[in-house]
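In the numbering used here, the protein residues as written are 57 to 327.
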Amino acid sequence: MRLLRLRTALAACAIAVAGTVTVGAGPALAQDRPTVVLVHGAFADTTSWDAVAANLRGRGYEVVVPDNPLRGPAYDSAAIEKVLADIPGPVVLVGHSYGGAVITNVHSPNVEALVYVAAFAPAQGEPVMLNLDPIRFPGSQLLPPVLQVKVVENDPTGIAGRNLDGYINPADFHRVFAPDVSDATAADMLAHQRSAALVANLEPSGPPSWASTPSWAMVAQNDQVIPAASERFMATRAGAQITEIPASHAVLVSQPAAVADLVVQADQATP
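Written out as structure tokens, the structure is:
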């Protein structure tokens, strides 16, 4: 009986020690992973990243999805840099569409990798509109009447608190922006559409962060907003590791697992 009690006590101690080791290992593993920061583009808001963020969180990543003001690369990148300053440890910074121009202008010391998702990656002095040049890169549908214009009030970046913004005509949104999602999903995306200052597309970009930071890029082969040829050109110029996928501009919504895979690839390839 005394021997049985001794064995029982030893087994209980072993279980307790094992439990302590397991619990301690969890946070250590989480701390080894970078925080993923997802920057949305024009004609969208933070909800465009919902499925990608959920996928990455399911893999154990901390994910932050800040608001992008959509006022211009310099103003917007400064807003993102403030968010990054509050994040301890390394960051994988991801940008979709115009969000790519924003992350190109972010220069934060904790960014270890950049990921461009159907995105602009401008060179220094280059406005994003230059990469919609219909001669070099035909195919963008981001022209009137698809592109509409409105006056925005209470904009501190505009003249006398007003600015001129562009947005996608609701009648064309599903067909042009996100043809590979369901009607219900497109309707939800449309409800979350945010306009972007027209000057944001004309503002010259600053020194590119991709010149000194490893980058990855997803080219959406069926993109009708930024033509695939333009995305491919910019990604190649940036020296990015390129993945091509048959998807629309809304690839982050239509194929979130593939986008999350690319983010993980960038993390795992970065020392």
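Think of the CB as a built atom: it goes at the ideal place given N, C-alpha and C, for glycine as much as any other residue.
How about residue i and residue j: are their beta carbons less than 7 Å apart?
{"i": "I143", "j": "T91", "result": "yes"}
{"i": "V167", "j": "S133", "result": "no"}
{"i": "V108", "j": "P312", "result": "yes"}
{"i": "V148", "j": "A169", "result": "yes"}
{"i": "Y223", "j": "S268", "result": "no"}
{"i": "M274", "j": "L203", "result": "no"}
{"i": "V272", "j": "A322", "result": "Looking at the sequence shown, residue 272 is not Val but Trp. It is a contact, given that the beta carbons lie within the stated cut-off."}
{"i": "V208", "j": "G155", "result": "no"}
{"i": "A253", "j": "D221", "result": "yes"}
{"i": "T326", "j": "P270", "result": "yes"}
Among the options, which one has its Cα closest to the Cα of residue i?
{"i": "A157", "options": "V147, Y131 and A141", "result": "Y131"}
{"i": "S304", "options": "V207, A174 and G222", "result": "A174"}
{"i": "E259", "options": "V171, P129 and A276", "result": "P129"}
{"i": "P264", "options": "S164, V120, A141 and F99", "result": "S164"}
{"i": "A100", "options": "L198, S286, D239 and S153", "result": "S153"}
{"i": "Q277", "options": "F193, P200 and V120", "result": "F193"}
{"i": "I282", "options": "V119, G262, Y172 and P212", "result": "Y172"}
{"i": "T285", "options": "I191, T241, A98 and A240", "result": "One detail in the question is off: residue 285 reads as Ala in this sequence, not Thr. Considering only alpha carbons, the answer is I191."}
{"i": "I301", "options": "R288, A294 and R293", "result": "R288"}
Apart from the five residues on each side of it in sequence, which residues of its chain come closer than 8 Å, Cβ to Cβ, to residue i?
{"i": "L186", "result": "P178"}
{"i": "V139", "result": "V93, V120 and P122"}
{"i": "S365", "result": "Here the chain covers residues 57 to 327 and nothing more, so residue 365 does not appear."}
Hey, how far is the Cα of residue i from the Cα of residue j?
{"i": "N257", "j": "Q324", "result": "33 Å"}
{"i": "A291", "j": "D228", "result": "28 Å"}
{"i": "D189", "j": "H230", "result": "23 Å"}
{"i": "G181", "j": "R127", "result": "17 Å"}
{"i": "G151", "j": "L308", "result": "10 Å"}
{"i": "G116", "j": "R89", "result": "8 Å"}
{"i": "S104", "j": "L246", "result": "10 Å"}
{"i": "A296", "j": "K206", "result": "36 Å"}
{"i": "V119", "j": "R113", "result": "7 Å"}
{"i": "G217", "j": "T299", "result": "41 Å"}
{"i": "Q330", "j": "G97", "result": "The structure shown does not extend to residue 330, since the chain is modelled only from 57 to 327, so the question has no answer here."}
Here's a check: name, in chain order, each residue in its chain whose Cβ is nearer than 6 Å to the Cβ of residue i, leaving out the five neighbours to either side.
{"i": "S310", "result": "D236, V237 and A303"}
{"i": "G195", "result": "P283"}
{"i": "Q197", "result": "V232 and Q280"}
Leaving out five residues before and five after residue i in sequence, what residues of the same chain have Cβ atoms less than 7 Å from its Cβ?
{"i": "D123", "result": "T102"}
{"i": "V255", "result": "G128"}
{"i": "N111", "result": "P312, A313 and A316"}
{"i": "V184", "result": "Y154, A157, F176, P178 and N257"}
{"i": "P201", "result": "N225"}
{"i": "G80", "result": "Low per-residue confidence applies at G80: pLDDT is 30, beneath 50, and the placement is therefore not dependable enough to give any value."}
Ordered list of alpha helix (DSSP H) runs contained in the stretch 268-318, each at least 4 residues: The stretch 268-318 contains these whole alpha helix (DSSP H) runs: 284-293 and 307-310.
Unbroken alpha helix (DSSP H) runs of length 4 or more, entirely within the stretch 178-251: which are they? 226-233 and 239-247
Jot down the residue ranges of each uninterrupted beta strand (DSSP E) in the stretch 86-140, minimum 3 residues, whole runs only, in chain order. 91-95
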